[in-house]
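S.K.:
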Amino acid sequence: MPLGQFLEDLIHQLAPQSYTNLPETIGTKVSKLLDILRQKRCLLVLDDVESILQKHTPQKIIKNGLTEQYFPDSQIYFELFRQLGEGRHQSCVVLTSRAEPKYIQLLAGNNSGIRSLPIRGLQVTEIQQMLSEKGIFGKKPAQWSRLVDYYGGNPLILNIVATTIKRLFNGSIADFFRYNTMIFNEIHEVLDRQFEDFSALEKDVMRVLATQETPFSFADLRSQISPSISTVILLESVRLLQARQIIEKITDRFSLSPLLRDYMQKRCLSAR
């Protein structure tokens with residue numbers, strides 16, 4: 018949806034009486050939205066900001082042999098979010114995204130009205146409470162720990178896993194482990210959709226890390242990536258993967274979660 022139409026729809030939802038005679042320019046529509054947020058106390062949630070940008074101007078460019086997303090209109094969104102974050106009003110605006118957008122990194126800070134909150138995987142006790150209600154049980158704490166650690170505490174994936182455990186293994190985590198079927202079709206489909214969104218270089222980084230039994234330093238990673246790829250571009254790819262919580266960083270070394278390592282190894286084998 019074009020930004021202008023998005024702003025019009027938003028103004029119509031928040032203040033229908035203000036919808037008539039709307040100004041034509043983006044800037045004046047943003048000003049009108051800010052006026053409404055000053056007059057009313059609203060909670061405005063913009064979900065999956067990444068897809069908003071991609072759907073608005075989905076273009077691709079090639080740099081150094083790499084396919085990268087390019088959003089020529091992203092500056093318009095930057096200005097919108099800046100005014101929503103820094104403007105004086107009594108409302109709250111929440112953006113959700115799989116990775117923190119660069120413009121939010123630039124705007125967020127202790128002395129700013131803008132904050133960034135990374136959402137980590139759920140802990141064992143939280144997963145126990147969530148899945149116990151579905152009839153999932155583990156006789157030993159280690160079984161729960163293994164389940165949560167393997168799937169990174171991801172509630173979406175663990176809910177899919179719980180359905181399989183309930184239907185095929187009568188709710189027993191131990192029986193589920195016994196057959197070594199940690200990545201079944203539904204999990205594979207979720208990971209496939211996520212994998213297709215990555216750049217060619219990001220996929221290469223994941224393949225390299227999947228072959229390592231121990232965490233890899235950046236220098237080790239650099240040595241495994243084509244010399245034609247600049248270090249600056251490689252750093253950015255690693256940063257994006259880390260921001261999406263695809264790769265884990267322990268001190269100065271990087272690794273994949275057990276789930277993603279197994280998934281990537283299966284992809285590499287099937288591609289041969």
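Quick note: the sequence shown uses our numbering, first residue 18, plus one each step. The C-beta atom is built at its ideal place from N, Cα and C for all residues, glycine as well. Note that the structure is predicted; figures quoted are calculated from it, not measured.
Tell me which same chain residues have a C-beta within less than 6 Å of the C-beta of residue 260, skipping the five on either side of it?
M.R.: For the purposes of this step, residue 260 is taken as the residue at position 243 of the sequence shown. Excluding sequence neighbours, residue 260 sits near 116, 117.
S.K.: Could you check if residue 75 is buried or exposed, using at least 16 other CB atoms within 10 Å of its CB as the buried criterion?
M.R.: Within the sequence shown, residue 75 is the residue found at index 58, counting from 1. Because the pLDDT at residue 75 is just 40, under 50, the model does not fix this residue reliably, and the value given afterwards should be weighed accordingly. Answer is exposed; the Cβ neighbour count stays below 16.
S.K.: Are the CB atoms of residue 271 and residue 255 within a distance shorter than 8 Å?
M.R.: Against the sequence shown, residue 255 aligns to sequence position 238. Against the sequence shown, residue 271 aligns to sequence position 254. In this structure, residue 271 lies closer than 8 Å to residue 255 by Cβ.
S.K.: Contact between the stretch 276-283 and the stretch 217-231: three or more CB pairs below 8 Å?
M.R.: In short, these stretches touch, since the Cβ pair count reaches three.
S.K.: Looking at the strands, I want to know which residues DSSP matches up with residue 182.
M.R.: Translated into the one-based positions of the sequence shown, residue 182 becomes position 165. Its beta-bridge partners do not exist; DSSP assigns none.
S.K.: Could you give the distance in angstroms between the alpha-carbon of residue 9 and the alpha-carbon of residue 176?
M.R.: There is no way to answer for residue 9, as the model of the chain reaches only from 18 to 289.
S.K.: According to the Cβ coordinates, are residue 111 and residue 101 closer than 8 Å?
M.R.: In the sequence shown, residue 111 corresponds to position 94, counting from 1. In the sequence shown, residue 101 corresponds to position 84, counting from 1. Contact: no.
S.K.: What's the gap between the Cα of residue 104 and the Cα of residue 54?
M.R.: Against the sequence shown, residue 104 aligns to sequence position 87. Against the sequence shown, residue 54 aligns to sequence position 37. Cα to Cα, residue 104 sits roughly 10 Å from residue 54.
S.K.: I'd like to confirm the pairing. Which residues does DSSP put opposite residue 233 in its beta bridges?
M.R.: Position 216 of the sequence shown, counting from 1, holds the residue named residue 233. Residue 233 pairs with 271.
S.K.: Does the ligand ADP have a heavy atom nearer than 7 Å to the CB of residue 145?
M.R.: As for the ligand ADP, it is missing from this structure, which has no ligand bound.
S.K.: What's the C-alpha gap between residue 242 and residue 220?
M.R.: Position 225 of the sequence shown, counted from the start, is the residue given in the question as residue 242. Position 203 of the sequence shown, counted from the start, is the residue given in the question as residue 220. Whole-angstrom Cα-Cα distance: 11 Å.
S.K.: Count the other CB atoms, across all protein chains shown, that sit within 10 Å of the CB of residue 196; report buried if there are 16 or more and exposed otherwise.
M.R.: The residue labelled residue 196 in the question sits at position 179 within the sequence shown. When all chains shown are included, residue 196 counts as exposed.
S.K.: Whose C-alpha, out of 208, 276, 179, 127, is nearest the C-alpha of residue 152?
M.R.: As a first step, residue 152 must be located in the sequence shown, where it is residue number 135. The candidate whose alpha carbon is nearest that of residue 152 is 179.
S.K.: Buried or exposed: where does residue 78 fall if 16 or more other Cβ atoms within 10 Å of its Cβ makes it buried?
M.R.: Position 61 of the sequence shown, counting from 1, holds the residue named residue 78. Because residue 78 sits at a pLDDT of 40, beneath the cut-off of 50, its placement in the model cannot be relied upon, and the following sentence gives the value as read from the coordinates. Residue 78 is exposed by the Cβ-count criterion.
S.K.: Can you tell which of 121, 63, 154, 235 has its C-alpha closest to the C-alpha of residue 189?
M.R.: By 1-based counting over the sequence shown, the position of residue 189 is 172. Comparing Cα-Cα distances from residue 189 to each of 121, 63, 154, 235, the minimum goes to 154.
S.K.: With burial defined as no fewer than 16 other Cβ atoms inside 10 Å of the residue's Cβ, what is the status of residue 267: buried or exposed?
M.R.: Counted from its first residue, the sequence shown places residue 267 at position 250. Classification for residue 267: exposed.
S.K.: Which residues mark the beginning and the end of the beta strand (DSSP E) in which residue 60 is found?
M.R.: Along the sequence shown, read from residue 1 onward, the residue named residue 60 stands at position 43. Segment 60-63, the beta strand (DSSP E) holding residue 60.
S.K.: For residue 158, collect the residues of the same chain with a Cβ closer than 8 Å to its Cβ; drop the 5 residues on either side in sequence, then sort them by chain order.
M.R.: As a position in the sequence shown, residue 158 is number 141, starting the count at 1. Once the five neighbours on either side are set aside, the close Cβ partners of residue 158 are 141.
S.K.: So what does residue 207 bridge to, in DSSP terms?
M.R.: Here residue 207 refers to the residue found at position 190 when the sequence shown is read from its first residue. Paired residues: none, contrary to the question.
S.K.: Where does residue 193 land, buried or exposed, given buried means 16+ other C-beta within 10 angstroms?
M.R.: Looking up residue 193 in the sequence shown gives position 176. Flag for residue 193 reads buried.
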